[in-house]
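**Q**
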Amino acid sequence: MVMTLEIQDITEETIGFVSKVKLSDLQNQDTWKKLVVMVKIQPDDDILPVRMDYKGNNTGFNVGINYLSSNSEMWYSLPDVIGSYLLTGKAPKIIEAVKFVPKGAQKGLRKSGVLGIDIDPLKDNVVQVLVEERQKIKEKLKKTDKNAPELQHLSSRAQAIKILVNALSYGIFIELNPEDKKSEFQVYGLDNFVTKENRFEKSGKYFHPLLAVMITSGARLFLTMAEARLKELGAIHAYMDTDSVFVPPDKAQELAEFFQPLNPYNMDIPLLKPEKKDLWFYGIASKRYALYYYENGKIKFMEDERSYKLHGLGHLTNPFPNSVEDWQAEIWQDILKLHYRLITERDIEEKYSNLYAISQLTVSTSIVLSRFKKLNERKPWKEQIKPFNFFLVSFQVIIEDDKAVKPLAPFTKDYQKIVYEPFIDYDSGEVKEGSQYFKPLSRTILHYVEHMENKFDGDIGVLKRKHIQAEGLVYIGKEANNIEDQPLDVIGAQVFVNEEEIKQKILGLTPEEARKLGVKHRSTLKRMKDRIMKDGKISLDTKEVKKLLNRI
C-alpha cells in the first residue's frame with residue numbers, strides 16, 4: 235500500500251472542540267492525536283506566535299507570543315489556537331479547519347539496527363525506542379563504578395543516542411538550501427506571486443513543513459499549559475525556554491506531576507522534573523539570564539554545571555590572561571554585582587578599559603575568503619589564509635564613508651594582540667590599523683546589560699504581552715542558521731518581495747505619507763511613480779525604495 239495524506243474539512247467540529255476544551259483535557263494523550271489540524275482564523279486580540287521585526291530597525295524577525303489582531307485571515311496550527319483559548323478564555327474566530335490523516339505506509343520501509351537496537355519502522359516509534367534505550371543506559375550508569383572499564387562505553391553510547399534523537403526530531407523536516415543566485419519562481423502563501431529578486435530555496439530530502447509546524451506548535455502548547463496551570467495555582471513563571479520553566483520552588487513538584495500523564499514511554503520517564511532548586515533568577519532578555527545563589531552579599535554559581543546563558547557573549551574570545559579560565563562567569567559576576575550595587579558602571583569601564591570584544595570565526599564562505607585577498611598577496615601558500623581557517627573579527631564602532639569599519643584579522647591565540655596590528659576592513663577590503671576601530675569590552679558588557687526584551691512590553695519586573703495590529707504580511711525564507719557570520723551582518727532571512735504589490739502601494743502614496751516613511755522629497759516620489767507608470771518597473775535596490783520596503 236502506498237502512503238497518502240488525506241485532507242479532511244473539520245471546520246464545524248474544530249469550532250466546537252476549541253470552545254469547550256479544558257486544561258485537564260490536554261493531560262489525555264488521545265486528545266493530542268486530534269491536534270494535527272491547520273486552522274484559518276481572523277485574529278482579534280488572540281494570543282498567538284507573531285514573527286516580526288520587534289526592534290523596528292530591520293535587523294531581523296523574531297517570534298513572540300503576543301496579542302494579535304488583523305484584518306487579514308491567517309493560518310495557524312490547532313495547538314496554537316488552543317493555547318490562545320487557554321490564556322484568554324476566548325475562542326479565536328475560526329474560518330476553516332483542515333485535518334491531515336496519514337493512510338497506508340511509506341514504500342521501502344525495512345527493519346534495521348541502529349546502534350545495535352532493532353527497529354521496525356512499520357510498528358516502532360523510532361524516537362520512543364531510542365529514548366527508552368538511553369534511559370536504560372542511564373540507569374546502568376547510576377549503578378556502575380566510576381573506575382569500571384565499561385563506564386566510558388556506556389556514557390558514549392548514551393550521548394550518541396541523544397545526538398541521534400535530536401537529529402531526527404525537527405531539523406530534517408524543515409531543511410531548506412538556498413541557491414547561490416537569484417532566479418524567477420512562484421511564491422505561495424495566502425497570496426501567490428512571482429519574484430525575480432530572491433534565491434530559490436530547495437527543500438531537503440525529508441522536508442515536511444506540516445511535521446515541523448506540529449513539533450514546534452506542540453512544544454508551545456506544552457509551555458502554554460504550564461503557564462495556565464501556574465495561573466490556576468496562583469503563581470507566575472520567571473522564564474520559559476523550550477524545555478524548561480522557572481517557577482517558585484513550592485510549585486515545581488506539583489507542576490511536574492501535572493504533565494506526567496502525557497509520558498509516552500513504556501517506563502517512568504519524567505517529562506518535567508525539579509532541577510536547579512532555590513536559586514535566584516536574573517533575566518535581561520531571551521536567552522540572557524543567570525541562575526545563582528546570593529547570600530551575605532556574595533554571589534555564587536552552581537558548581538556542577540554552568541547556570542548562566544552565554545547568548546550574546548558566547549561568541550567572544552577570552553579577553554583575560556590564561557589564568558582566568560571561566561571568564562564568562564567573571565563577566566556575569568560583574569553584571570550581578572552591578573545589579574546589587576556592589577560595583578558601579580565606572581568600575582566596569584576601568585576593569586575592562588584595555589580589553590576589546592573579539593570573536594573567532596571560520597572562513598566558511600567565498601565572500602569572507604575574498605576579503606583576505608590583499609593580506610594573502612605575495613605570501614607563501616602555507617602562510618596564506620585558506621578556506622575553513624580560523625580568523626578573528628571585532629565589532630564596528632567607527633563609520634567611514636557612510637560605512638561601518640569591521641576589522642578582520644588572521645587568527646592568533648593572543649586574541650587581544652590584533653588590536654595593535656594591521657587588519658582588513660570587511661566591507662572595503664582596505665588595510666587599516668588603530669585601536670579606535672575596535673569595540674571596548676566594557677561597552678559590550680554595558681550594552682549587554684541594557685539589552686531590551688523587545689518582544690514584550692515593560693523593562694523591569696514581570697513583562698506584559700504586546701497588543702499587535704498587523705497591517706500586512708511578509709513572506710520570508712530560511713532564517714540565518716550560521717551563527718558564525720552574524721558579527722559580520724552578512725546573513726538574514728530573505729524576504730520574498732511581491733513586486734506588483736509594492737508598485738501599487740507606491741502609486742497610492744501621497745507625498746505626506748511618503749515623508750512619514752522616510753522619503754523626504756516630493757520629487758523623489760514622483761520619479762518612482764513616473765517610472766512605474768512608464769515602464770512598469772521599479773528598482774528594489776535603490777536607497778529610497780528600500781526605505782519604503784522596510785516600512786510599507
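To convert, count from 1 in the sequence shown and add 234; that's our numbering.
For every residue, glycine included, the Cβ atom is placed at its ideal position computed from N, Cα and C.
First and last residue of the alpha helix (DSSP H) that includes Tyr682?
**A** Here residue 682 refers to the residue found at position 448 when the sequence shown is read from its first residue. It spans Leu675 to Glu684 - the alpha helix (DSSP H) in which Tyr682 sits, taken as one unbroken run.
**Q** Does DSSP put Arg344 in a helix, in a strand, or in coil?
**A** Sequence index remark: in the sequence shown, residue 344 carries index 110 (1-based). Arg344: coil per DSSP, three-state reduction.
**Q** On a CA-only basis, which of Glu418, Leu321, His387 and Asp568 is nearest Arg463? Give me that one, please.
**A** For the purposes of this step, residue 463 is taken as residue 229 along the sequence shown, with counting starting at 1. Minimum Cα distance to Arg463 is reached at Leu321.
**Q** If you follow the beta strand (DSSP E) that Trp615 is part of, which residue opens it and which one closes it?
**A** Here residue 615 is taken as the residue at index 381 of the sequence shown, counted from 1. Trp615 -> no beta strand (DSSP E), and no H or E assigned at all.
**Q** If you drop the 5 nearest sequence neighbours on each side, which residues of the same chain put their C-beta closer than 6 Å to that of Pro495?
**A** For the purposes of this step, residue 495 is identified with residue 261 of the sequence shown, where counting begins at 1. Closer than 6 Å at Cβ, skipping near neighbours: Gln261.
**Q** How would you write the range of the alpha helix (DSSP H) that Arg605 sits in, first residue to last?
**A** As a working mapping, residue 605 is identified with position 371 in the sequence shown. Looking at the DSSP string, Arg605 is not in any alpha helix (DSSP H), and its letter there is neither H nor E.
**Q** Can you find a heavy atom of the ligand COA that lies under 7 Å from the Cβ of Asn305?
**A** Judged by which ligands are present, the structure shown has none, so any question about the ligand COA falls away.
**Q** Buried or exposed, going by whether 16 or more other CB atoms sit within 10 Å of the CB of Arg732?
**A** Numbered from 1 along the sequence shown, position 498 holds the residue referred to as residue 732. Per the sequence presented here, residue 732 reads as Asn, with Arg not at that position. Flag for Asn732 reads buried.
**Q** Name the residue from Leu589, Tyr523, Asp314 and Arg454 whose alpha carbon lies nearest to the alpha carbon of Asn552.
**A** Residue 552 sits at position 318 when you count from the first residue of the sequence shown. If we check each option's Cα against that of Asn552, Leu589 comes out closest.
**Q** Considering only their Cβ atoms, is the gap separating Ser303 from Gln703 smaller than 8 Å?
**A** Within the sequence shown, numbered from 1, the residue matching residue 703 stands at position 469. Within the sequence shown, numbered from 1, the residue matching residue 303 stands at position 69. Contact flag set, yes.
**Q** Per DSSP, what kind of secondary structure is Gly226 in: helix, strand or coil?
**A** Since the displayed the chain opens at 235 and closes at 786, residue 226 lies outside it and no answer follows.
**Q** Please state if the CB of Lys485 and the CB of Leu467 are separated by a distance shorter than 8 Å.
**A** Your numbering for residue 467 matches position 233 in the sequence shown. Your numbering for residue 485 matches position 251 in the sequence shown. Cβ distance < 8 Å, so Leu467 and Lys485 count as in contact.
**Q** Between the stretch 266-286 and the stretch 326-336, are three or more C-beta pairs nearer than 8 Å?
**A** yes
**Q** What span of residues does the alpha helix (DSSP H) with Tyr319 cover, start to end?
**A** Residue mapping note: residue 319 aligns to position 85 of the sequence shown, counting from 1. That run of the alpha helix (DSSP H) goes Leu312 to Thr322.
**Q** Quickly, what does DSSP pair Ala519 with across the bridge? List them, please.
**A** Counting from one through the sequence shown, the residue named residue 519 turns up at place 285. Paired residues: Arg522.
**Q** Out of curiosity, what's the CA-to-CA distance linking Gln386 and Lys380?
**A** In the sequence shown, residue 386 corresponds to position 152, counting from 1. In the sequence shown, residue 380 corresponds to position 146, counting from 1. For Gln386 and Lys380, the distance between alpha carbons rounds to 9 Å.
**Q** Could you check whether Leu680 and Pro644 sit closer than 8 Å to each other, using their CB atoms as the reference points?
**A** Taking the sequence shown and counting its residues from 1, the one referred to as residue 644 is at position 410. Taking the sequence shown and counting its residues from 1, the one referred to as residue 680 is at position 446. It is not a contact, given that the beta carbons lie outside the stated cut-off.
**Q** From Arg699 to Asp691, what does the alpha carbon distance come to, in whole angstroms?
**A** Against the sequence shown, residue 699 aligns to sequence position 465. Against the sequence shown, residue 691 aligns to sequence position 457. Cα-Cα distance, rounded: 6 Å.
**Q** According to DSSP, is Ser389 helix, strand or coil?
**A** Numbered from its first residue, the sequence shown carries residue 389 at position 155. The answer is helix: DSSP assigns Ser389 an H, G or I state.
**Q** Among all the DSSP beta bridges, which residues are the ones paired with His701?
**A** Taking the first residue of the sequence shown as 1, we reach residue 701 at position 467. For His701, which the question treats as bridged, DSSP gives the partners Tyr301.
**Q** Cβ of Ile582 within 8 Å of Cβ of Leu572?
**A** Counted from its first residue, the sequence shown places residue 582 at position 348. Counted from its first residue, the sequence shown places residue 572 at position 338. In contact: Ile582 and Leu572 (Cβ atoms closer than 8 Å).
**Q** Comparing C-alpha positions only, which one of Leu257, Val297 and Pro283 sits nearest to Lys289?
**A** Along the sequence shown, one-based indexing puts residue 289 at 55. Selected option, being the one with the closest Cα: Val297.
**Q** Which of helix, strand or coil does DSSP assign to Ile717?
**A** Locating residue 717 in the sequence shown gives position 483, where the first residue counts as 1. Residue placement at Ile717 is flagged as unreliable, the pLDDT there being 41, under the threshold of 50; the coordinate-derived value follows with that caveat. If DSSP states are grouped into helix, strand and coil, Ile717 belongs with the helices.
**Q** Considering only the alpha carbon of each residue, which of Tyr527, Thr678, Ala519 and Glu539 lies closest to Leu820?
**A** Look at the range of the chain in this structure, 235 to 786, and you will see that residue 820 is not part of it.
**Q** Can you grab the Cα-Cα spacing for the pair Ala789 / Leu239, in whole Å?
**A** No answer is possible for residue 789: the residues shown for the chain start at 235 and end at 786.
**Q** Select from Val363, Asp661, Arg749 and Val602 the residue whose C-alpha is nearest the C-alpha of Leu782.
**A** On the sequence shown, position 548 is the one that residue 782 refers to. Checked all of Val363, Asp661, Arg749 and Val602; the closest Cα to Leu782 is Arg749.
**Q** Just how far apart, CA to CA, sit Asp661 and Ile449?
**A** Here residue 661 refers to the residue found at position 427 when the sequence shown is read from its first residue. Here residue 449 refers to the residue found at position 215 when the sequence shown is read from its first residue. Each residue's alpha carbon lies about 40 Å from the other.
**Q** Quick check on DSSP: helix, strand or coil for Leu774?
**A** Against the sequence shown, residue 774 aligns to sequence position 540. Looking at Leu774 - three-state DSSP - the assignment turns out to be coil, as it is neither helix nor strand.
**Q** How far does the alpha helix (DSSP H) with Pro443 in it extend, from its first residue to its last?
**A** The count along the sequence shown starts at 1 and reaches residue 443 at position 209. Counting along the chain, the alpha helix (DSSP H) containing Pro443 begins and ends at Pro443 to Glu466.
**Q** What's the gap between the Cα of Tyr671 and the Cα of Val639?
**A** Reading the sequence shown from its first residue, position 437 is the one you call residue 671. Reading the sequence shown from its first residue, position 405 is the one you call residue 639. Straight-line Cα distance between these residues: approximately 7 Å.
**Q** Let me know the secondary structure DSSP gives Ser669 once reduced to three states.
**A** Counting from one through the sequence shown, the residue named residue 669 turns up at place 435. Ser669: helix per DSSP, three-state reduction.
**Q** What three-state label does DSSP hand Asn291 in the structure shown?
**A** Along the sequence shown, one-based indexing puts residue 291 at 57. Correct three-state label for Asn291: coil.
**Q** Who are Arg761's beta bridge partners in DSSP?
**A** Here the question's residue 761 lines up with position 527 in the sequence shown. Note: Arg761 sits in no beta bridge, so no partner.
**Q** Which residues does DSSP pair with Arg285 in a beta bridge?
**A** Along the sequence shown, read from residue 1 onward, the residue named residue 285 stands at position 51. According to DSSP, which records beta bridges pairwise, Arg285 is partnered with Val297.
**Q** What does DSSP give as the partner residues of Pro656 in its beta bridges?
**A** Against the sequence shown, residue 656 aligns to sequence position 422. None, per the DSSP bridge assignment.
**Q** Tyr427 and Glu705 look like a contact to me (Cβ under 8 Å); what is the Cβ gap, rounded to whole Å?
**A** Position 193 of the sequence shown holds residue 427. Position 471 of the sequence shown holds residue 705. In the sequence as presented, Tyr is not what sits at residue 427; that position holds Phe. With 8 Å as the limit, Phe427 and Glu705 do not qualify as a contact, their Cβ atoms being about 18 Å apart.
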